[in-house]
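Asks: Before anything else, here's the structure in question.
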DNA sequence: TACCGATATATACAAGGATACATAACGTTA
DNA sequence: TAACGTTATGTATCCTTGTATATATCGGTA
């Protein structure tokens, strides 16, 4: 059985900025309150997760995630309202594309 | 300036089957009548182009490209009507997604 | 039968990204 | 000041993908 898949993402200055990976990561950070735990939850290396957060924060007016090291619990990660809004809009966009794809199965009819 | 990008493709048994690369390759083969020339036109190695054609032909009821070796001109590549139809449908689908994205700029408004 | 131009196929190499591992830095708490 | 858990960062390695190169194969033509 053949299936149509899609992926959408945001580019900034010709480079990947935001996509499925960061979107899931933000959700996990919000749930866990820790970058390391969030990365672990989705089988992503801490280094990659940290790099993603840097990319988001360094290429936006407002930060996405506030990282704190040291302190009572060793530190932690906090998601800004700005980032939460972006996650909502990204999910909404994905859903709309999914609905469109359901109505556009002509391609699959050709591929037997 | 941030831009929304997308990509859609067809999977078969969990593996990539058809996407932007094969779509462009089919067009080039149709124009050139040769797999080697088509690959050259789009800076794709012959091996990769040949592998793509094998994947398409081996996972479909009807062939996409008929390859002939030897003969008057050394051989050649011919695109089947089946494949031409698929290219048309794929282009149509991409266009519809593009139109959808134009109307869904809410995500970009959040990403400053 | 020798030549030609295209397909067919194997092998080794290069490049990029992802991963694993190790270690430093930090700030609150006791 | 020692301990703790998290963030911060470098390095080496693997792995996948693509590329380069070379050679074999085929069948019509002269």
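Residue numbers (the numbering used here), protein chains in the order written: chain A, 1 to 112; chain B, 1001 to 1112.
Virtual Cβ for every residue (Gly too), placed ideally from N, Cα, C.
Residue 50 of chain A to residue 38 of chain A, Cα distance in whole Å?
Replies: Along the first chain, one-based indexing puts residue 50 of chain A at 50. Along the first chain, one-based indexing puts residue 38 of chain A at 38. Their backbone Cα atoms lie some 10 angstroms apart in a straight line.
Asks: So, is the C-beta of residue 10 of chain A closer than 8 angstroms to a C-beta in chain B?
Replies: Stepping through the first chain from its first residue, residue 10 of chain A is reached at position 10. It does; some Cβ of chain B falls within 8 angstroms.
Asks: Residues of chain A with CB closer than 7 angstroms to the CB of residue 1095 of chain B, please, in chain order.
Replies: What you label residue 1095 of chain B is simply residue 95 of the second chain in a count that begins at 1. Residues of chain A passing the Cβ test: none, with the nearest at roughly 10 angstroms.
Asks: Whole angstroms are fine: how far does the CA of residue 33 of chain A sit from the CA of residue 87 of chain A?
Replies: Within the first chain, the letter at position 87 stands for residue 87 of chain A. Within the first chain, the letter at position 33 stands for residue 33 of chain A. Cα-Cα distance, rounded: 16 angstroms.
Asks: What do you get for residue 46 of chain A, buried or exposed, if any count of 16 or more other CB atoms within 10 angstroms of its CB means buried?
Replies: Counting from one through the first chain, the residue named residue 46 of chain A turns up at place 46. When all chains shown are included, residue 46 of chain A counts as exposed.
Asks: Closer than 8 angstroms between beta carbons: that is the criterion. Which residues of the region 55-66 of chain A meet it against chain B?
Replies: Listed in sequence order: 60, 61 and 62.
Asks: Is any beta-carbon of chain B found at less than 8 angstroms from that of residue 4 of chain A?
Replies: Within the first chain, numbered from 1, the residue matching residue 4 of chain A stands at position 4. So yes, residue 4 of chain A belongs to the interface.
Asks: Can you look up residue 1021 of chain B in the DSSP assignment and give me helix, strand or coil?
Replies: By one-based count along the second chain, residue 1021 of chain B stands at place 21. Looking at residue 1021 of chain B - three-state DSSP - the assignment turns out to be helix.
Asks: In the DSSP assignment, find the unbroken alpha helix (DSSP H) run with residue 1040 of chain B in it and report its ends.
Replies: To locate residue 1040 of chain B, count along the second chain from 1; it is residue 40. Taken as a continuous stretch (DSSP letters only), the alpha helix (DSSP H) holding residue 1040 of chain B covers 1035-1041.
Asks: If you measure from the beta carbon of residue 35 of chain A to each beta carbon in chain B, is any gap under 8 angstroms?
Replies: Position 35 of the first chain holds residue 35 of chain A. Chain B, which has no Cβ nearer than 8 angstroms to the Cβ of residue 35 of chain A, makes this no.
Asks: Run down chain A in chain order and give the residues with a C-beta less than 7 angstroms from the C-beta of residue 1089 of chain B.
Replies: For the purposes of this step, residue 1089 of chain B is identified with residue 89 of the second chain, where counting begins at 1. Within chain A, the residues near residue 1089 of chain B are 106, 107 and 110.
Asks: If residue 59 of chain A sits next to residue 12 of chain A, beta carbons under 8 angstroms apart, how far is it from one beta carbon to the other, in whole angstroms?
Replies: By one-based count along the first chain, residue 59 of chain A stands at place 59. By one-based count along the first chain, residue 12 of chain A stands at place 12. Contact flag correct, Cβ pair sits at about 5 angstroms.
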